[in-house]
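Since the structure comes first, as structure tokens, the remarks are kept for the end.
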Amino acid sequence: MTDTIELDTPVGPALDAADALVLANHRRFDELVSIAERHAARGQSELAGVAAANAAATAWMNHPGIHASPRLERLLRSLMRSVPASAPRKPNRARAPGKQRVLHVLSQVYPTGGHTRWSDRIIRTDRDRVHSIAIVNQGAVPVPAWLRRSVEESGGELVVFPLGSVMGGALRLRRLAASADLVLANVHPHDVVSFIALADPRVRPPVAALNHADHTFWLGASAWDLLVNFRESGDLLARRRRGAVASRSAILPLPLDPPDRTSTRVDARRALGVRPDEIVLVSAGSAWKFDPLEMRGEPTFPEVLAPIVARDPRLRLFILGPANEGRWAEAARRTDGRMLALGTRTDYALYTQAADIYLDPFPMGSGYSLLEPGSFGVPLLSFGQWPTEAGVLVVDSAGLGDARILATSRDEYEAALLALIGDPAAREARGRRGAEQILAAHSGPGWLAALEAVVTAAPLARESHVAVATNLAAELDTPVLDALARGLATISERSAQLPDRVIAHLPLAG
């Protein structure tokens, strides 16, 4: 167990609640890693793999003050040697002779969720290669039809692994990956199957990992050839807290489809039961991004927005993600139903196309949920409550520019929102400029050039990885107590992991 902790500020005799929570999380993680190590020492590879996944999942969901674990990754490397080398599975090359073959490896895919969309948009945008998908732990969650369609149109195949053993899944994935020219790992932070299958650069093609969970703990810092970040703050955090090096890192902005209006703003507003004189505010993100347990003591989203909506009868605020219960139900009562939390939905586009202003969740921003309305010309407002070392908790994607106002205090936030509400012409102008900047960075020739840079860099990164193995510094296992750790421990990682409730659109007009 680690005895030394690093503090960014001095503490008194009693650590505050957030620090105590981080340290408790680390102790639990340490105990779970020890269990995995005991199984490995007895030659129980399967049990060790399961225990390692449990430890990593616990660190992902309950932040332990670290973002990578050299100790846990050493254990997984020892299991990796139990997976035999095998002949690659032969792909069907008749449908696309001569094209490079890319294998996307995902732990699970969902009908909503940015990481699934990231892979889908790469496949649909990159017409010069054949893209296939391997899903290693899908379980009972249905694979979206639109994802299957994208793979089929690319000429690839979608393979869903049956639920089974860790070591059996690793062998299956190693065989499948051997027939690809490039692997894009878009995996969950606790995916031990993908780690064990792909960590040895000598026995598989180049692997570029999409760093979609850049704010939290994940496995793979020593495994991947090239780390592909979607923003600068994620790249910086990976170097500071995961041991990543600049020569094996890249930036690929989140890909966006060109905006395709399926409804006019007037029609979308009518479908939502919005009057012509009303102003539509929209926010969207996983419920935990809105600080469901209110442990931080900072102003919460309902606390800030409900009084504003209550004072102005023209305002309608739709929040996609949180369920309409507890403080959200109270906000709905306070605003006569004009501020309404709608749970997880499949019809986000309708709300985007009806929106006059988009409000980023806080205290934790949501990347795709912010960029998509911005690409439609909707002005964006964020509340950045965090100091510099926790900047990764605020969306800082490329191209935001004029699209987004970033307020750093409650007074500044309320003033910016009231200014947008009061000036329709300024809203339109800001949104129009912002859409041009977002689309230039996240779609079209600029984005394709960034993708080609990743494809070109991956083989070189693999050569470097083969020549010099990635040895993570031991101190990465030591918890750091700073604003980022406290934030992660008291927002996302403490929230209940309840199944998402996905519902179809129901008209809100009464």
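With the sequence shown counted from 1, adding 7 to any position gets you this note's numbering. Think of the CB as a built atom: it goes at the ideal place given N, C-alpha and C, for glycine as much as any other residue. All of these numbers come straight from a predicted model, not from anything done at the bench.
- Residue burial is scored here from C-beta neighbours: Asn478 has fewer than 16 other C-beta atoms within 10 angstroms and is therefore classed as exposed.
- Shown here, Thr351 sits in a strand according to DSSP, grouped into three states.
- Between Leu388 and Ile445, the gap from beta carbon to beta carbon reaches 8 Å or more.
- Between the C-alpha atoms of Ala75 and Val399 there is a straight-line separation of about 16 Å.
- Here Thr123 is buried, its C-beta having at least 16 other C-beta atoms within 10 Å.
- By the neighbour-count definition (other C-beta atoms within 10 Å, threshold 16), Glu80 is a buried residue.
- The C-alpha of Asp264 lies about 36 Å from the C-alpha of Gly171.
- In the three-state reduction of the DSSP assignment, Leu263 falls in the coil class, being assigned neither a helical nor a strand state.
- Taking C-beta atoms under 8 Å as the contact rule, Gly328 and Ala275 fail to qualify, at a distance of about 19 Å.
- Taking 8 Å as the upper bound for CB-CB distance, Trp67 and Trp231 are not in contact here, some 17 Å apart.
- Between the alpha carbons of Val200 and Leu279 lies a gap of roughly 44 Å.
- Ser450 is classed as buried because its beta carbon has at least 16 other beta carbons within 10 Å across all chains shown.
- In this structure, His111 is the residue among Gly176, Gly304, His111 and Val194 with its C-alpha nearest to the C-alpha of Val158.
- Ranked by Cα distance from Gln145, the first of Val167, Gly121 and Arg155 is Val167.
- Across the set Pro320, Ala492 and Gln360, the C-alpha of Ala492 shows the shortest separation from the C-alpha of Gly72.
- Under DSSP, Ala192 forms a beta bridge with Val112 and Ala216.
- Under the three-pair Cβ rule at 8 Å, the segment 346-358 does not count as touching the segment 416-432.
- Per DSSP, Leu458 is one residue of the alpha helix (DSSP H) stretching across Gly451 to Ala474.
- Beta-carbon to beta-carbon, Ala251 and Ala245 are separated by about 4 Å, close enough to satisfy the 8 Å threshold.
- Exclusion of the five residues before and after Ala62 leaves Phe36, Leu39, Val40, Ala43 and Leu79 as the residues of its chain whose Cβ lies within less than 7 Å of its Cβ.
- DSSP, reduced to helix, strand and coil, places Ser85 within a helical segment of the structure shown.
- Counting every other CB atom within 10 Å of its CB across the protein chains shown gives Ala206 a total of 16 or more, marking it as buried.
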